[in-house]
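This note's numbering applies: residue 2 is where the sequence shown begins, and numbers increase by one.
For every residue, glycine included, the Cβ atom is placed at its ideal position computed from N, Cα and C.
Shown next, in structure tokens, is the structure this report addresses.
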Amino acid sequence: MNKTGFAYKNIVLNTEFNKYLVEHPEVADKIPDNALVVLLPENDPGLCRKNLALARHHREKGQAVVHVRIKKLASPPKSRLVQPRLKIAL
2 MNKTGFAYKN
12 IVLNTEFNKY
22 LVEHPEVADK
32 IPDNALVVLL
42 PENDPGLCRK
52 NLALARHHRE
62 KGQAVVHVRI
72 KKLASPPKSR
82 LVQPRLKIAL
């Protein structure tokens with residue numbers, strides 16, 4: 002997989018993890034200040050390895066590291082729109 006693919010997957014994981022933290026502030030409270038959070042999707046070993054390597058490279062001396070193991074992402078929700086109607090204006 003190329004850098005763009007890894008970046009896209011990490012953007013999705015980060016977005017979902019941020020949503021999770023908003024819904025579960027008690028989890029956010031457990032993460033130390035200035036910690037390096039490493040998202041490790043168990044269903045994507047290549048991305049796990051890449052994220053671990055990036056974490057090793059970017060970790061600051063003495064910085065706490067939090068590994069977040071993610072079983073998988075649920076299917077994205079369907080649209081919440083109810084019977085939308087289009088009107089085309091020319």
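Neighbour-count burial assignment, residue i, 16 or more Cβ in a 10 Å radius
{"i": "L14", "result": "buried"}
{"i": "L40", "result": "buried"}
{"i": "P42", "result": "buried"}
Collapsed DSSP secondary structure at residue i in the structure displayed
{"i": "P46", "result": "helix"}
{"i": "L22", "result": "helix"}
{"i": "V66", "result": "strand"}
{"i": "I32", "result": "coil"}
{"i": "V83", "result": "coil"}
{"i": "L40", "result": "strand"}
{"i": "I71", "result": "strand"}
{"i": "N52", "result": "helix"}
C-beta neighbour in chain B for residue i, strict 9 Å
{"i": "N19", "result": "The structure shown has no chain B; it contains just one protein chain."}
Beta-carbon proximity check, residue i vs residue j, cutoff 9 Å
{"i": "L48", "j": "N11", "result": "yes"}
{"i": "A29", "j": "V66", "result": "no"}
{"i": "N44", "j": "K73", "result": "yes"}
Presumed contact (8 Å Cβ cut-off) between residue i and residue j, rounded CB distance
{"i": "V69", "j": "F18", "result": "7 Å"}
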